[in-house]
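Peer 1: Residue 18 is where the sequence shown starts when you use the numbering used here, and the numbers rise one by one after that.
Glycine included, C-beta positions come from ideal geometry on N, C-alpha and C.
No experiment lies behind these values; they were computed from the predicted model shown.
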Amino acid sequence: MQLKPKALIQGLLLTAPIAFGSTIAISPAQAASIAGARGELTLNQFEWTEDATSFEAITRTSTDAIAPVDESFALAGSEASALSEPQNVQQSSNALALGIGTNYFATGQGFSQTGIGFDPGSGYFQFNFKATLNLLTQADPDANVRAHSFASFQVYKNDDPFTFIDYLRADLWSPTDFQLRLSDTSYMNISLLEQREGFAEIAGTYRRKFDDGTGVTVRGFTNAEATVARVPVPPMFAVVILPALSWLKRRNQMKAAPQAVSDRQAD
Numbered sequence: 018m019q020l021k022p023k024a025l026i027q028g029l030l031l032t033a034p035i036a037f038g039s040t041i042a043i044s045p046a047q048a049a050s051i052a053g054a055r056g057e058l059t060l061n062q063f064e065w066t067e068d069a070t071s072f073e074a075i076t077r078t079s080t081d082a083i084a085p086v087d088e089s090f091a092l093a094g095s096e097a098s099a100l101s102e103p104q105n106v107q108q109s110s111n112a113l114a115l116g117i118g119t120n121y122f123a124t125g126q127g128f129s130q131t132g133i134g135f136d137p138g139s140g141y142f143q144f145n146f147k148a149t150l151n152l153l154t155q156a157d158p159d160a161n162v163r164a165h166s167f168a169s170f171q172v173y174k175n176d177d178p179f180t181f182i183d184y185l186r187a188d189l190w191s192p193t194d195f196q197l198r199l200s201d202t203s204y205m206n207i208s209l210l211e212q213r214e215g216f217a218e219i220a221g222t223y224r225r226k227f228d229d230g231t232g233v234t235v236r237g238f239t240n241a242e243a244t245v246a247r248v249p250v251p252p253m254f255a256v257v258i259l260p261a262l263s264w265l266k267r268r269n270q271m272k273a274a275p276q277a278v279s280d281r282q283a284d
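In structure tokens, the structure reads:
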């Protein structure tokens, strides 16, 4: 049984955690390019002298697909979700793009943002975090395929909600390019749970002491982007001969221009 492209990408969106950890086989008779990305973030086990009093969640998705010729096909999909329970924040983003044929462009992006705020308290503020990143890329000849995902959190004092004091960000730029950035290792204990081609997962604990009367907010972010594109290679006539003919035409026009001026002056 051969899956149709639309059914394939819809199935991938529904089973993204499984699909991104597996290899997808495409029929050799119908070469295809696939790009997929997923970012997940969990923040839980918050410890503070005061309870959480506010929570916000924002999600955003965008897709674009173009297949200008009949024998080509392009499809893009994206999804983002965020939810919170007391002491537990979970969010994720998915993006998938699929292209088949000789001329196509497809891109998808999913983004999520959460915020959990705590009333002013004192002592140590602590929580656990876990970030999981997945990428899937497969390119047919002459195609460009890109996928990227990240998961991040930032810690703010409530008296300055626009400037974070601590942050962590994990990026998977390609199946083998994983990057981890953070503000200060003094406040974080981090473990790389697993890293392999197309997959990376970290977990750890954030712990920092604050002055009495400090309110704290934690914001979480996930993002996933996937793009596939293929443009037909122009024939030799368009690559070499047409530019040469255009150059010769411009040169002849430049030569003829002074003669035309002389003729007008003679008249």
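Report the rounded CA-to-CA distance for Pro45 versus Ala93, giving the unit in angstroms.
Peer 2: Counting from 1 along the sequence shown, the entry for residue 45 is found at position 28. Counting from 1 along the sequence shown, the entry for residue 93 is found at position 76. At Pro45, the pLDDT of 44 sits below 50, so the modelled position is not reliable; the number obtained from the coordinates is stated separately. Straight-line Cα distance between these residues: approximately 21 Å.
Peer 1: Between the Cα of Phe238 and those of Ser139, Thr76, Ser50, Ala54, spot the shortest distance and give me the residue it belongs to.
Peer 2: Here the question's residue 238 lines up with position 221 in the sequence shown. Closest option to Phe238, Cα to Cα, is Thr76.
Peer 1: Closer than 6 Å by C-beta to Ala217: which residues in its own chain qualify, once you throw out the five before and the five after it? Chain order, please.
Peer 2: Here residue 217 is taken as the residue at index 200 of the sequence shown, counted from 1. Here the set comprises Leu150, Leu189, Phe195.
Peer 1: Provide the residue span of the beta strand (DSSP E) that contains Trp190, from first to last.
Peer 2: Residue numbering aside, residue 190 sits at position 173 when the sequence shown is read from its first letter. From DSSP, the beta strand (DSSP E) with Trp190 extends over 181 to 191.
Peer 1: Helix, strand or coil for Thr66 per DSSP?
Peer 2: If you number the sequence shown from 1, residue 66 lands on position 49. Thr66: coil per DSSP, three-state reduction.
Peer 1: Apart from the five residues on each side of it in sequence, which residues of its chain come closer than 6 Å, Cβ to Cβ, to Ser50?
Peer 2: Taking the sequence shown and counting its residues from 1, one reaches residue 50 at position 33. Closer than 6 Å at Cβ, skipping near neighbours: Gly116, Ala156, Asp157, Ala160, Val162, Val245.
Peer 1: I need the DSSP call for Ser71, collapsed to helix, strand or coil.
Peer 2: On the sequence shown, position 54 is the one that residue 71 refers to. Ser71 falls in the strand class under three-state DSSP.
Peer 1: Kindly list the residues whose CB is nearer than 7 Å to the CB of Pro178, restricted to its own chain and excluding five residues on each side of it in sequence; keep chain order.
Peer 2: For the purposes of this step, residue 178 is taken as the residue at position 161 of the sequence shown. Answer for Pro178: Thr234, listed in chain order.
Peer 1: For a test of the three-state rule: what should DSSP assign to Thr59, helix, strand or coil?
Peer 2: Taking the sequence shown and counting its residues from 1, one reaches residue 59 at position 42. DSSP places Thr59 in strand when its eight states are reduced to three.
Peer 1: Measuring CB atoms only, is the region 200 to 216 touching the region 120 to 131, in the sense that at least three cross pairs come out at less than 8 Å?
Peer 2: In short, these stretches do not touch, since the Cβ pair count stays below three.
Peer 1: Just the C-alpha distance for Ser95 and Phe170, rounded to the nearest angstrom, thanks.
Peer 2: Counted from its first residue, the sequence shown places residue 95 at position 78. Counted from its first residue, the sequence shown places residue 170 at position 153. Cα to Cα, the separation comes out at about 22 Å.
Peer 1: Going along the chain, which residues of its own chain have a beta-carbon closer than 6 Å to the beta-carbon of Ser203, five neighbours each way excluded?
Peer 2: Along the sequence shown, one-based indexing puts residue 203 at 186. So no residue of the chain qualifies.
Peer 1: How is the beta strand (DSSP E) around Asn105 delimited, first residue to last?
Peer 2: The sequence position of residue 105 within the sequence shown is 88, counting from 1. Its beta strand (DSSP E) spans residues 105 to 117.
Peer 1: Looking at the structure shown, is Ser200 part of a helix, part of a strand, or coil, going by DSSP?
Peer 2: Locating residue 200 in the sequence shown gives position 183, where the first residue counts as 1. Three-state DSSP puts Ser200 in coil, outside helix and strand.
Peer 1: Beta-carbon separation of Asp136 and Glu67 under 8 Å?
Peer 2: In the sequence shown, residue 136 corresponds to position 119, counting from 1. In the sequence shown, residue 67 corresponds to position 50, counting from 1. Contact: yes.
Peer 1: Would you please state the rounded distance, in angstroms, between the beta carbons of Ser129 and Gln143? I believe it to be under 8 Å.
Peer 2: Translated into the one-based positions of the sequence shown, residue 129 becomes position 112. Translated into the one-based positions of the sequence shown, residue 143 becomes position 126. 23 Å between Cβ atoms; not a contact.
Peer 1: Whose C-beta lies closer than 6 Å to the C-beta of Ala74 among residues of the same chain, with five residues either side of it excluded?
Peer 2: Here residue 74 refers to the residue found at position 57 of the sequence shown. Hits under 6 Å: Ala99, Thr131.
Peer 1: Along the chain, where does the beta strand (DSSP E) containing Glu102 start, and where does it finish?
Peer 2: The sequence position of residue 102 within the sequence shown is 85, counting from 1. Start and end: 90 to 102.
Peer 1: With a CB to CB cut of under 7 Å and the five nearest residues on each side skipped, what residues in its chain are close to Gln62?
Peer 2: Within the sequence shown, residue 62 is the residue found at index 45, counting from 1. Within the same chain, Gln62 has close Cβ partners Gln104, Phe144, Asn145.
Peer 1: Going by the CB atoms, is the gap between Tyr141 and Arg224 shorter than 8 Å?
Peer 2: On the sequence shown, position 207 is the one that residue 224 refers to. On the sequence shown, position 124 is the one that residue 141 refers to. Their beta carbons are under 8 Å apart, which means Arg224 touches Tyr141 by this criterion.
Peer 1: Which first and last residues belong to the beta strand (DSSP E) in which Asp136 is found?
Peer 2: Along the sequence shown, one-based indexing puts residue 136 at 119. Run containing Asp136: 121 to 155, per the beta strand (DSSP E) assignment.
Peer 1: State the CB to CB distance for the pair Thr70 and Val106, rounded to an integer number of angstroms; the pair is presumed to be in contact (CB under 8 Å).
Peer 2: Residue mapping note: residue 70 aligns to position 53 of the sequence shown, counting from 1. Residue mapping note: residue 106 aligns to position 89 of the sequence shown, counting from 1. In fact, because the Cβ distance is near 14 Å, the residues do not count as touching under 8 Å.
Peer 1: On the three-state DSSP scale, how would you describe Val162?
Peer 2: The count along the sequence shown starts at 1 and reaches residue 162 at position 145. Val162 falls in the strand class under three-state DSSP.
Peer 1: Between the alpha carbons of Asn240 and Ala164, how many angstroms are there, rounded?
Peer 2: Residue mapping note: residue 240 aligns to position 223 of the sequence shown, counting from 1. Residue mapping note: residue 164 aligns to position 147 of the sequence shown, counting from 1. Approximately 11 Å between the Cα atoms of the pair.
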